[in-house]
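Written below as structure tokens is the structure these notes are about.
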Amino acid sequence: MKNTLKLLSLLFVVLFTVSACSKDDDPVDNDLFTGNYTGDVGYDNFGEDGKDVTYGAGSVRVYKIGDKYSFDFKSDAGNIPSLTGIVMQKGENNTIFFNSEAIGSITISESTLELSYTNLDTKESFRASCDR
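Residue numbering for the sequence shown follows the working numbering, beginning at 78 and increasing consecutively.
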């Protein structure tokens, strides 16, 4: 009986691990999510000259914990800072920002990421059009 229980537990853990890493996972449906999106990225810093990164080939690694998203950018054209602390309500995969600190929109699904976000406080603008 103990051996059967151990075997079933091991099978459950393996099944959970394999299904949790699927590229078909939609970040909207999960409280924890990590995914890589590849395409075009860009960055503008209106406060400091020389920090801009021309829109072109790159990638974005998306992290989600609860309702907070973080976006780590990589670009062939230069360094882009991370965009962190973006709040999107559970069940939403498209958010439009229009408030005193930010303007833009973020649309994310299991296969695409479209991001156009300007932080008015830090005078930074992020842009991405990527697929997974």
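For every residue, glycine included, the Cβ atom is placed at its ideal position computed from N, Cα and C.
Specify the secondary structure class of residue i as computed by DSSP and reduced to three states.
{"i": "residue 107", "result": "coil"}
{"i": "residue 157", "result": "coil"}
{"i": "residue 98", "result": "Caution applies to residue 98, whose pLDDT of 43 falls short of 50 and renders its modelled position unreliable; the model cannot decide the point."}
{"i": "residue 204", "result": "strand"}
{"i": "residue 188", "result": "coil"}
From what residue to what residue does the beta strand (DSSP E) around residue i run?
{"i": "residue 197", "result": "Unbroken run through residue 197: none, as it is neither H nor E."}
{"i": "residue 135", "result": "130-142"}
{"i": "residue 216", "result": "Coverage of the chain is limited to positions 78 through 209, which leaves residue 216 absent and any answer about it impossible."}
{"i": "residue 123", "result": "Note, residue 123: premise wrong, no beta strand (DSSP E); not H, not E."}
{"i": "residue 171", "result": "171-175"}
If you draw a straight line from the C-alpha of residue i to the C-alpha of residue j, how long is it?
{"i": "residue 142", "j": "residue 173", "result": "20 Å"}
{"i": "residue 160", "j": "residue 151", "result": "12 Å"}
{"i": "residue 124", "j": "residue 201", "result": "8 Å"}
{"i": "residue 189", "j": "residue 148", "result": "14 Å"}
{"i": "residue 132", "j": "residue 204", "result": "8 Å"}
{"i": "residue 116", "j": "residue 207", "result": "4 Å"}
{"i": "residue 183", "j": "residue 196", "result": "13 Å"}
{"i": "residue 171", "j": "residue 164", "result": "11 Å"}
Looking at C-alpha atoms only, which residue of the options is the closest neighbour of residue i?
{"i": "residue 146", "options": "110, 133, 153, 122", "result": "110"}
{"i": "residue 209", "options": "158, 137, 156, 181", "result": "137"}
{"i": "residue 153", "options": "163, 119, 165", "result": "119"}
{"i": "residue 177", "options": "128, 199, 183", "result": "199"}
{"i": "residue 158", "options": "114, 121, 126, 113", "result": "121"}
{"i": "residue 113", "options": "179, 135, 127", "result": "135"}
{"i": "residue 127", "options": "140, 139, 156", "result": "156"}
{"i": "residue 194", "options": "107, 180, 165", "result": "180"}
{"i": "residue 186", "options": "162, 140, 175", "result": "140"}
By DSSP's criteria, residue i is part of a beta bridge. Which residues make up the other side?
{"i": "residue 116", "result": "135, 207"}
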